[in-house]
Amino acid sequence: MDCIGQTDASARSGGAGDALRIGKWMRQLVSVRGLLAAAFLTATTLSSLPGGAASVPEPQGYRMSAFRAPVPATLAGGEVVSVDRVEALVEAGEVILIDVLPRPPKPKGLKEGTIWRPRPRRNIPGSVWLPNTGFGGLSEEIERYFQSNLERLSGGDKARKLLFYCLADCWMSWNAAKRAISYGYKKVLWFPEGTDAWTAAGLPTELSEPAAGWASE
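Residue numbers (this note's numbering): 24 to 240.
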C-alpha cells in the first residue's frame, strides 16, 4: 500500500483531526505540483527561444571568439526566425538561404600522396554555402568573397530576403547576419538553431560545396 493509501486509511479511523491534517497535506501536494508545473513550463519556454538563452545580450560589435556558445534571442535590424518559419519561406521560395558554417583548411605538412577529405557538409536544400564568413574579423579576401556573393545572390537588390544560419548556438550566423545588415540589406533573417533544428524536425538536407571563389586560408 502506498503512502496515500495509508493516509486514507488513517483518516477513516482517526477522526476529524486526522482528516484536517490530510486536507492540509493534500493542499501542500497540489501547491508543490503547481510549482513544479510552472517550473517545467518556464524551462520549456526558455529552451524554445532562439539559442535557448533569453539573457544573452547582443554585443556592440561582432563576436570575436568562443563561437559555439549560447547566442542572443535578438538581432538588431534583422528578424529572428524559427524552423517552422524557415520551412514556410523555403516552400514559398521567398528567401535566399546562406550557410556560413566554417570549413577547416587543408592541414599543412601532410605527407606527399596523402588524400585529405574535408568533412562533408549537409545543409538546407537550395542553400549557398559561404564558409568562414561568420568570423568576427574577416580578411580582405574573405570579406570580398562574402560581399560579392551577397550581391550576386540578391541581384543587387538589397530588399531581397537573406537568411543566415549554421548550427545551433553558433555565433557565426549571428555575425554574418549583422554584417549583411551593415552592408545595407533591409530584410535580413537569422535562423539561430540552424541545421541542428532543421534535421531534428525531420526535414531533408543535401550535400553542399562552398560557393565558387572560396579558398581556405
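Heads up, the beta-carbon is just placed ideally off N, CA and C, and yes, glycines get one too.
beta-carbon residue i near the ligand GDP non-hydrogen atom, thresh 7 Å
i      : result
Ile204 : Absence of the ligand GDP is noted for the structure shown, with no ligands found whatsoever.
Residue j beta carbon less than 8 Å from that of residue i
i      : j      : result
Ser150 : Asp180 : no
Met195 : Leu133 : no
Leu153 : Leu186 : no
Lys184 : Val103 : no
Ser231 : Arg144 : yes
Pro148 : Thr228 : yes
Val109 : Phe214 : yes
Val79  : Pro95  : yes
Ile204 : Gly100 : yes
Leu173 : Tyr206 : yes
Buried versus exposed call for residue i [16 or more other C-beta atoms within 10 Å across all chains shown]
i      : result
Ala192 : Looking at the sequence provided, one finds Asp at residue 192 rather than Ala. So Asp192 counts as buried.
Leu64  : With a pLDDT of only 36 at Leu64, under the threshold of 50, the placement of this residue in the model should not be trusted, and no figure is reported.
Leu98  : buried
Ala234 : buried
Thr137 : exposed
Lys210 : buried
Glu216 : buried
DSSP three-state assignment for residue i, whether helix, strand or coil
i      : result
Trp237 : coil
Tyr206 : coil
Glu229 : strand
Leu190 : coil
Lys184 : strand
Counting only runs that start and end within the region 72–160, where is the alpha helix (DSSP H) found for 4 or more residues in a row? As far as the region 72–160 is concerned, its whole alpha helix (DSSP H) runs of at least 4 residues are 106–115.
Should the region 218–226 be called in touch with the region 156–173, which here means at least 3 C-beta pairs below 8 Å? Not touching, per the Cβ criterion.
Segment contact, 8 Å Cβ cut-off, at least three pairs: the region 194–209 with the region 168–178: They touch, by the three-pair rule.
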